[in-house]
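For the record, in the sequence shown the residue sitting at position 160 is 183 according to our numbering, with numbers rising by one throughout. Even glycine gets a Cβ: it sits at the ideal position worked out from N, Cα and C. Only a predicted model underlies this, so the values are computations on that prediction, with no experimental measurement involved.
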Amino acid sequence: IPYNEPYRPQAHFSPKEKWMNDPNGMVYYKGTYHLFFQHYPAATVWGPMHWGHAVSKDLVHWKQLPIALYPDKLGYIFSGSVVVDERNTSGFGTKDKPAMIAIFTHHDPKGEKAGSAKFQNQSIAYSLDEGLTWTKYKGNPVLKNPGIKDFRDPKVFWYSPGSKWIMSLATKDRITFYSSPDLKTWKKESEFGQVLGAHGGVWECPDLFPLKINGKEYWVLLVSINPGGPNKGSATQYFVGHFDGGKFTPIGSQTKWIDFGPDNYAGVTFGNTGNRKVFMGWMSNWLYANQVPTLKWRNAMTIPRELSLKLTAGDIWLTSYPVEELEKIVAKTIKVDAGLLAKDNNVFSVIKQTPAQYLLKFNTLAIKDYAVILSNTAGERLIVGFDAKNSRYYIDRTKAGLSTFSKQFAGKSYAPRLSLSPTSNFELLVDASSVELFADGGLSSMTGVYFPKKPYTRLSIVNNGMEIEKLQIQPLKSIW
Ligand code: FRU
């Protein structure tokens with residue numbers, strides 16, 4: 024059976040084999056979700072980038088297809104997006120049979136080596152067969168580098184009030200917005216961010232999209248940053264504000280993170296999903312992505328997450344929560360007797376079962392420490408919990424398994440608790456080598472990978488005598 028190697032995620036997308044980083048070109052078209060991804064098909068380390076391709080009907084079960092884009096004389100194929108050109112603004116398709124158009128960065132390694140500052144340029148390719156085969160545009164690149172070393176990761180959408188395409192582009196320490204009538208000619212509109220947000224590293228992989236809260240529309244701008252994340256290395260920050268078709272204006276000046284864990288990077292949302300916004304990130308960190316101890320493939324994506332805005336403490340925050348489609352693979356729901364959990368003992372073991380991927384959900388008061396511990400017979404353990412004194416959640420993988428492959432790996436990472444509710448809602452999605460915490464409905468999220476010598480077969484909860492309400496364990500079926 025394929026997809027059953029040690030550490031192979033069973034509920035998450037990972038490439039059949041070899042290297043993967045950023046999700047690219049995520050778009051929904053004719054009943055199919057497309058996921059392209061940064062891929063090097065010749066090794067399990069980063070190399071000349073291609074766009075791998077996978078499709079899904081439900082965001083949960085994926086099928087990997089042949090490589091969509093290969094490097095060429097203009098360079099490697101770096102991150103970017105895909106749009107469906109329904110109005111045929113590009114002329115590549117027809118209105119009846121619109122083209123899918125990929126907008127990506129051509130990264131020229133020779134130019135980089137030669138010391139040029141102009142080695143990253145934006146190019147396009149189109150597909151007339153629903154994403155199976157792609158033709159690169161003869162006039163590439165369509166947006167030339169003005170002399171900025173980091174000039175990449177175009178994310179494009181149709182801005183209907185202005186009848187034009189908008190591109191968000193990562194330009195070193197800021198995001199630059201461009202507009203176009205036809206995806207072939209681009210005009211600079213504005214820049215954002217050189218004095219706002221986190222700046223511990225270069226800005227990458229932006230995404231700009233609207234979301235409503237209480238009927239009022241706001242615009243969210245995602246910006247990945249590497250290094251400079253809240254728990255070292257790579258992470259994704261976001262801004263909430265307004266967009267007028269040319270300029271993004273944020274409200275507030277606080278730096279916000281979509282996920283505080285170490286392993287959620289370069290995530291963006293699917294295009295063409297209407298009012299719904301579904302996000303997926305790369306479940307790794309550039310600090311050690313090339314070293315993690317998997318043999319056949321390297322790295323997976325996070326679970327697809329639905330994004331929403333939430334008003335808390337007078338500010339607007341982005342929540343992320345597994346898409347409801349995940350319910351399709353819930354094998355059963357085990358409800359644990361709440362009476363048992365109210366006992367004032369400290370630790371007790373709720374399940375002992377064969378290695379499995381599952382969701383764990385409960386509510387408890389946010390007044391004392393509590394933790395969920397996954398452990399194995401090799402004495403390894405992963406702890407995900409709440410530190411009441413500092414009102415923060417954490418993932419502790421200090422002793423979770425293999426870690427000598429990188430000095431940056433072992434350790435504890437934290438997420439502030441943002442909710443003001445007296446009870447906290449704690450949900451974990453556990454897979455063969457990853458855990459995703461969605462606390463308080465996804466207001467505080469954390470993602471971390473781990474590599475135990477033996478699979479974890481024991482799940483314990485330390486409740487410090489606090490009553491735990493509504494404990495549910497939902498084993499998940501493999502998606503493969
Ligand atoms: C982010 C990133 C992008 C770039 C790609 C290269 O992880 O560095 O900025 O396009 O990876 O693989």
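- For P273, same chain residues with a beta-carbon under 6 Å away, outside a window of 5 residues either side, are F262 and G264 in chain order.
- If you ignore the 5 residues before and after P327, its C-beta comes within less than 6 Å of the C-beta of L82, V301, M303 and V346, all in its own chain and listed in chain order.
- Secondary structure note for E109: it is in no alpha helix (DSSP H), with a DSSP letter that is neither H nor E.
- Annotated three-state conformation of S307 is coil, per DSSP.
- When DSSP reads this structure, E459 sits in a beta bridge with L452 and T470.
- In the DSSP assignment, P132 falls within the alpha helix (DSSP H) that extends over P132 to K136.
- For the ligand FRU, a non-hydrogen atom lies closer than 8 Å to the CB of M72.
- D267 and I339 have their C-alpha atoms spaced approximately 19 Å apart.
- In the DSSP annotation of this structure, the continuous segment of the beta strand (DSSP E) that includes F232 starts and ends at V225 to I236.
- For H62, the closest alpha carbon among the candidates N308, G70 and T55 is that of G70.
- Distances from the CB of T194 to the heavy atoms of the ligand FRU are all 8 Å or more.
- Sequence-distant Cβ neighbours of Y182 in its own chain, meaning closer than 6 Å and more than five residues away, are I189 and G268.
- Between the beta-carbon of T128 and that of D176 there is about 6 Å, and that keeps the pair under the 8 Å contact cut.
- Taken from the Cβ of F59, every heavy atom of the ligand FRU lies 8 Å or farther away.
- K178 is classed as buried because its beta carbon has at least 16 other beta carbons within 10 Å across all chains shown.
- Assignment of S414 by DSSP, reduced to helix, strand and coil, places it in the coil class.
- Distances between the C-beta of H130 and the heavy atoms of the ligand FRU include at least one below 8 Å.
- Ranked by Cα distance from G154, the options T427, S247, S444 and N47 are led by N47.
- Placement of the Cβ of N44 at a distance of less than 8 Å from at least one heavy atom of the ligand FRU is found.
- By alpha-carbon distance to K195, the top candidate from H222, T208 and W226 is W226.
- Inter-residue distance for A438 and G408 is about 10 Å (C-alpha atoms, whole angstroms).
- Not one heavy atom of the ligand FRU is found less than 8 Å from the C-beta of D286.
- Minimum Cα-Cα distance from D152 among the listed residues L341, N486, K279 and D119 corresponds to D119.
- The beta carbons of S104 and G294 sit about 7 Å from each other, so the pair counts as a contact at 8 Å.
- Going by DSSP, Y51 is part of the beta strand (DSSP E) stretching over K41 to Y52.
- Contact check for L425 against P316 passes: the beta carbons are separated by less than 9 Å.
- Of the heavy atoms belonging to the ligand FRU, at least one sits nearer than 8 Å to the Cβ of E227.
- With 16 or more other CB atoms across the displayed protein chains lying within 10 angstroms of its CB, A77 is buried.
- According to DSSP, V301 shares a beta bridge with E329.
- For V246, the closest alpha carbon among the candidates E212, G170, Y288 and K270 is that of Y288.
- Nearest neighbour of G216 by Cα position, chosen from P498, F200 and T208, turns out to be F200.
- If the five residues before and after K39 are omitted, its C-beta is found closer than 6 Å to the C-beta atoms of Q87, all from its own chain and listed in chain order.
- Where M190 is concerned, the enclosing beta strand (DSSP E) starts and stops at K187 to T194.
- Between the alpha carbons of F174 and L383 lies a distance of about 41 Å.
- A distance of 9 Å or more separates the beta carbons of Y393 and N322.
- At least one heavy atom of the ligand FRU is found less than 8 Å from the C-beta of W69.
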